[in-house]
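**Student:** Dumping the structure here so I can ask a few things about it.
Residue numbers (UniProt numbering): 1 to 502.
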C-alpha cells in the first residue's frame with residue numbers, strides 16, 4: 001500500500017484539516033468577546049452612542065464567528081472515536097477530564113449567558129446585560145484553558161501512571177495536569193495571540209470603512225482600540241513565546257532543534273535566518289545564522305550548549321528503541337518562521353498605524369451639521385501625508401487582518417507536527433493511536449466529505465461577514481438608547497414581543 005494513502009496518514013490529514021479550520025474561529029471568538037464587552041462597558045459608563053453602535057456592530061460579527069466555531073468544533077470530538085479509538089482507549093481517563101470540565105463549566109457559561117445577552121437588550125437593565133457579555137468572555141477564556149491543558153498533557157504528560165494490566169494510562173493528579181508549566185505558558189501564549197488576531201481584525205474592518213469615510217465616529221474608536229490591542233498583544237505574544245520556547249527546549253528538545261534546523265549540538269548555538277539542507281544526510285547545505293542567539297533563547301545564556309537533531313535522535317533511539325524520532329524538518333522549520341514572521345508583521349503595521357493616527361495623519365474628522373455627522377475633507381491636524389501613502393496604508397491595514405490568522409495556524413501546525421512521531425510525547429506513538437478497524441476507504445471518504453462541507457461553511461461564513469461588515473453599525477432605536485431598569489422590562493410596555501437584537 002502506498003504510505004501516502006495509509007489510514008494513519010489519512011487520519012492525520014483529516015484531523016489536521018478540521019483542526020486548523022476550526023482554530024481560525026477560536027482566537028477571534030476569544031478576543032471579540034472581550035473587546036465587545038469592553039466597548040459595551042464604555043457605553044454603560046459614558047452613555048455615548050458611538051460605543052453602543054460599536055458594541056452592536058462587533059457583537060454581530062462575534063455571534064457569526066462563534067456559531068461557526070461551535071459547529072466546526074463538535075467534529076473534533078467525534079474524530080477521537082472514529083479515527084483515533086486506540087488513543088481514546090489509552091489516555092481517555094486523563095485527556096477526557098479537562099474536556100469534561102470545559103463542557104460542564106466553560107461551555108455552560110458561554111451558551112447560557114450568550115443567550116441572555118442576545119435576547120436581553122430590551123429585557124435586562126444595562127449593568128445586568130453588560131455582566132452577561134463579560135460572563136461569555138470569561139467562558140471563552142476558561143474553555144481555552146481546559147482544552148490547552150489537555151493538549152499540554154499530550155506535549156508533556158504528567159500526573160498519571162500506566163496500568164500495565166489494563167494497558168492504559170490513568171489519572172493520578174488532576175491539579176498537576178491543569179497547573180503544569182506547559183499548560184500555563186501555552187495558555188498565556190495562545191490568549192495573547194488570540195488578541196493579536198482580534199485587534200488586527202478590528203483594524204482591518206475599521207480601515208475599510210475609514211478609507212471610504214463611512215461611520216467615522218464608530219470606526220475611529222474601533223481603529224484605535226484595535227491598534228492598541230495589536231500593540232499590547234504583539235508584545236505579550238513575543239514575551240509569552242519566549243517563555244514557551246524555553247519550556248519546550250527542556251521538554252521537547254527535538255521540536256526546537258527541528259525549528260532551527262540545528263543538526264548537531266553546538267555551544268554557542270546560532271539562530272537560523274535561512275537554511276536549506278539534506279534531511280537524509282542530516283546536514284545543511286546553506287545556512288545564514290546569527291551566532292549565540294539560539295543559546296540565549298533556549299537557556300538565557302549566549303554561550304550555552306543546545307543539542308541538535310542528530311544527537312537527540314540518537315538518544316531517543318537508545319531510550320525508546322530503533323526508529324526515526326525526527327519530525328518533518330521542513331514543516332517545523334518554515335512553520336516556526338511563518339508563525340513569527342506574520343506575527344511580527346502585524347505588530348509592526350499596528351505600531352505604524354498607532355503613530356500615524358496619534359498624529360491624525362490618516363483619520364478623517366467628523367463635523368456636525370445639524371443632526372448629521374459628515375467627514376471633513378480637511379483631514380489632517382498637521383502636515384498631511386501623500387494621498388498615495390494614505391491609500392496604501394489603508395490597503396495594507398485591511399489585509400493585515402489575515403496575518404495573525406496565518407501566524408496562529410502555522411503555530412499550531414508547528415506545535416503538533418513538531419511532536420511527531422509521538423501523539424503523547426514519550427508515551428504513545430501516533431502509529432499506535434489510530435483506530436485499528438477503520439479502513440483506508442472509510443477515512444478517505446470522511447475526509448473528503450468534511451473538506452467539502454467545510455468549504456461550503458467557509459463560503460457561508462465569508463458571505464455573512466462581508467454582508468454585515470459592509471452594512472456597518474446599525475441605527476439605534478429608542479429602545480436601544482433607553483433600556484429597562486428592571487429585569488424583564490416591566491417599566492415599559494410589558495405586552496410587547498421580545499426583540500431579537502441580531
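No residue lacks a Cβ here, since even glycine has one placed at the ideal position from N, Cα and C.
Exposed or buried, residue 419, counting other C-beta atoms within 10 Å across all chains shown (16 or more means buried)?
**Tutor:** Translated into the one-based positions of the chain shown, residue 419 becomes position 419. Result: buried.
**Student:** Residue 140 to residue 32, Cα distance in whole Å?
**Tutor:** Taking the chain shown and counting its residues from 1, one reaches residue 140 at position 140. Taking the chain shown and counting its residues from 1, one reaches residue 32 at position 32. C-alpha separation (whole angstroms): 10 Å.
**Student:** Compare the beta carbon distance of residue 244 and residue 271 with 7 Å and say whether it is the shorter of the two.
**Tutor:** The residue labelled residue 244 in the question sits at position 244 within the chain shown. The residue labelled residue 271 in the question sits at position 271 within the chain shown. For residue 244 and residue 271, no; Cβs fall outside 7 Å.
**Student:** Please report the straight-line C-alpha distance between residue 285 and residue 427, rounded to a whole angstrom.
**Tutor:** Counted from its first residue, the chain shown places residue 285 at position 285. Counted from its first residue, the chain shown places residue 427 at position 427. Distance between the alpha carbons of residue 285 and residue 427 is about 34 Å.
**Student:** Comparing C-alpha positions only, which one of 116, 120, 166, 102 sits nearest to residue 147?
**Tutor:** One-based indexing of the chain shown puts residue 147 at position 147. Nearest option by C-alpha distance: 102.
**Student:** Quick check on this structure: which residue in 477, 472, 485, 487 has the alpha carbon closest to the alpha carbon of residue 214?
**Tutor:** The sequence position of residue 214 within the chain shown is 214, counting from 1. Checking every option, the nearest Cα to that of residue 214 belongs to 472.
**Student:** Might you give, ordered along the chain, the residues of its own chain that have their beta carbon closer than 6 Å to the beta carbon of residue 370, omitting 5 neighbours on each side?
**Tutor:** Here residue 370 corresponds to residue number 370 of the chain shown, with the count starting at 1. Interpretation of residue 370 is limited by its pLDDT of 41, a score under 50 that renders its predicted location unreliable; no figure is taken from the coordinates.
**Student:** Can you give me the Cβ contacts of residue 117 inside the same chain, cut-off strictly under 7 Å, excluding the 5 residues immediately before and after it?
**Tutor:** As a working mapping, residue 117 is identified with position 117 in the chain shown. Result list for residue 117: 129, 132, 133, 136, in chain order.
**Student:** Helix, strand or coil for residue 337, going by three-state DSSP, please let me know.
**Tutor:** Locating residue 337 in the chain shown gives position 337, counting from the first residue. It is helical.
**Student:** Taking the DSSP output, what are the residues bridged to residue 428?
**Tutor:** Locating residue 428 in the chain shown gives position 428, where the first residue counts as 1. According to DSSP, which records beta bridges pairwise, residue 428 is partnered with 424.
**Student:** Can you tell me where the beta strand (DSSP E) holding residue 168 begins and where it ends?
**Tutor:** Here residue 168 refers to the residue found at position 168 when the chain shown is read from its first residue. Residue 168 -> beta strand (DSSP E) spans 168-171.
**Student:** Please list the segments of the beta strand (DSSP E) lying wholly inside the region 135-184, counting only runs of 3 or more residues, in order along the chain.
**Tutor:** Complete beta strand (DSSP E) runs here, min 3: 160-163, 168-171.
**Student:** Just to confirm, are residue 440 and residue 7 a CB contact at a threshold of 7 Å?
**Tutor:** Translated into the one-based positions of the chain shown, residue 440 becomes position 440. Translated into the one-based positions of the chain shown, residue 7 becomes position 7. Cβ atoms of residue 440 and residue 7: closer than 7 Å.
**Student:** Let me make sure I understand the geometry here. Which of 336, 10, 21 has the alpha-carbon closest to that of residue 560?
**Tutor:** There is simply no residue 560 to check, as the chain begins at 1 and stops at 502 in what is shown.
**Student:** Taking the straight line between their C-alpha atoms, what separation do you get for residue 87 and residue 324?
**Tutor:** Locating residue 87 in the chain shown gives position 87, counting from the first residue. Locating residue 324 in the chain shown gives position 324, counting from the first residue. If I take the Cα positions, the gap works out to 21 Å.
**Student:** Just curious, the alpha helix (DSSP H) that residue 277 is in, first and last residue?
**Tutor:** In the chain shown, residue 277 corresponds to position 277, counting from 1. Unbroken run through residue 277 is the beta strand (DSSP E), 271-278; no alpha helix (DSSP H).
**Student:** Assuming residue 306 is part of the alpha helix (DSSP H), what are its boundary residues?
**Tutor:** The residue labelled residue 306 in the question sits at position 306 within the chain shown. Residue 306 -> no alpha helix (DSSP H), and no H or E assigned at all.
**Student:** Bridge partners of residue 233, per DSSP?
**Tutor:** Residue 233 sits at position 233 when you count from the first residue of the chain shown. Its beta-bridge partners do not exist; DSSP assigns none.
**Student:** Is it right to say residue 288 is buried, meaning 16 or more other beta carbons lie within 10 angstroms of its own, or is it exposed?
**Tutor:** On the chain shown, residue 288 is found 288 positions in, with the first residue counted as 1. Result: exposed.
**Student:** Measure the alpha-carbon distance for residue 228 versus residue 160 and round it to whole angstroms.
**Tutor:** Position 228 of the chain shown holds residue 228. Position 160 of the chain shown holds residue 160. Their backbone Cα atoms lie some 42 Å apart in a straight line.
**Student:** Is the Cβ-Cβ distance between residue 302 and residue 268 less than 7 Å?
**Tutor:** Within the chain shown, residue 302 is the residue found at index 302, counting from 1. Within the chain shown, residue 268 is the residue found at index 268, counting from 1. Yes.
**Student:** Please report how far the alpha carbon of residue 318 lies from the alpha carbon of residue 162, in whole angstroms.
**Tutor:** In the chain shown, the residue the question calls residue 318 occupies position 318. In the chain shown, the residue the question calls residue 162 occupies position 162. Answer to the nearest angstrom: the Cα atoms are 21 Å apart.
**Student:** Residue 189 by DSSP, collapsed to three states: which one?
**Tutor:** Stepping through the chain shown from its first residue, residue 189 is reached at position 189. Three-state DSSP puts residue 189 in a helix.
**Student:** Using 10 angstroms around the beta-carbon of residue 276, count the other beta-carbons present and answer buried if the total reaches 16, otherwise exposed.
**Tutor:** Looking up residue 276 in the chain shown gives position 276. With fewer than 16 Cβ atoms within 10 Å of its Cβ, residue 276 is classed as exposed.
**Student:** Based on DSSP bridge pairs, tell me the residues matched to residue 284.
**Tutor:** One-based indexing of the chain shown puts residue 284 at position 284. Looking at the DSSP assignment, residue 284 forms a beta bridge with 277.
**Student:** State the Cα-Cα distance for the pair residue 149 and residue 183, rounded to the nearest angstrom.
**Tutor:** The sequence position of residue 149 within the chain shown is 149, counting from 1. The sequence position of residue 183 within the chain shown is 183, counting from 1. Approximately 5 Å between the Cα atoms of the pair.
**Student:** Just verifying my parser: in three-state terms, what is the DSSP assignment at residue 487?
**Tutor:** By 1-based counting over the chain shown, the position of residue 487 is 487. Three-state result, residue 487: coil.
**Student:** Hey, out of 180, 152, 52, 24, whose CA is closest to residue 201's CA?
**Tutor:** Taking the chain shown and counting its residues from 1, one reaches residue 201 at position 201. Closest by alpha carbon: 24.
**Student:** Pairing CB atoms from the region 324-337 with CB atoms from the region 206-221, are three or more of them under 8 Å?
**Tutor:** Result no; under three Cβ-Cβ pairs closer than 8 Å.
**Student:** State the DSSP-derived secondary structure class of residue 102, mapped to helix, strand or coil.
**Tutor:** Start at 1 with the first residue of the chain shown, and residue 102 comes out as number 102. DSSP places residue 102 in helix when its eight states are reduced to three.
**Student:** Find out if the Cβ-Cβ distance for the pair residue 75, residue 18 is shorter than 7 Å.
**Tutor:** Residue numbering aside, residue 75 sits at position 75 when the chain shown is read from its first letter. Residue numbering aside, residue 18 sits at position 18 when the chain shown is read from its first letter. Taking 7 Å as the Cβ cut-off, residue 75 and residue 18 qualify as a contacting pair.
**Student:** In angstroms with no decimal places, state the Cα-to-Cα distance between residue 45 and residue 397.
**Tutor:** As a working mapping, residue 45 is identified with position 45 in the chain shown. As a working mapping, residue 397 is identified with position 397 in the chain shown. Each residue's Cα considered, the two are about 30 Å apart.
**Student:** In the DSSP output, what is residue 312 paired with across the bridge?
**Tutor:** Translated into positions along the chain shown, residue 312 becomes position 312. Per DSSP, none; premise fails for residue 312.
**Student:** For residue 436, which residues in the same chain have their Cβ closer than 7 Å to its Cβ, ignoring the five residues on either side in sequence?
**Tutor:** The residue given as residue 436 occupies position 436 in the chain shown. Only 86 meet the Cβ criterion.
**Student:** Return helix, strand or coil for residue 123, following the three-state DSSP convention.
**Tutor:** On the chain shown, residue 123 is found 123 positions in, with the first residue counted as 1. The answer is coil: DSSP assigns residue 123 none of H, G, I, E or B.
**Student:** Between residue 394 and the rest of its own chain, which residues show a CB-CB distance below 8 Å, the 5 nearest in sequence each way excluded?
**Tutor:** Position 394 of the chain shown, counted from the start, is the residue given in the question as residue 394. Once the five neighbours on either side are set aside, the close Cβ partners of residue 394 are 207, 208, 210, 211, 362.
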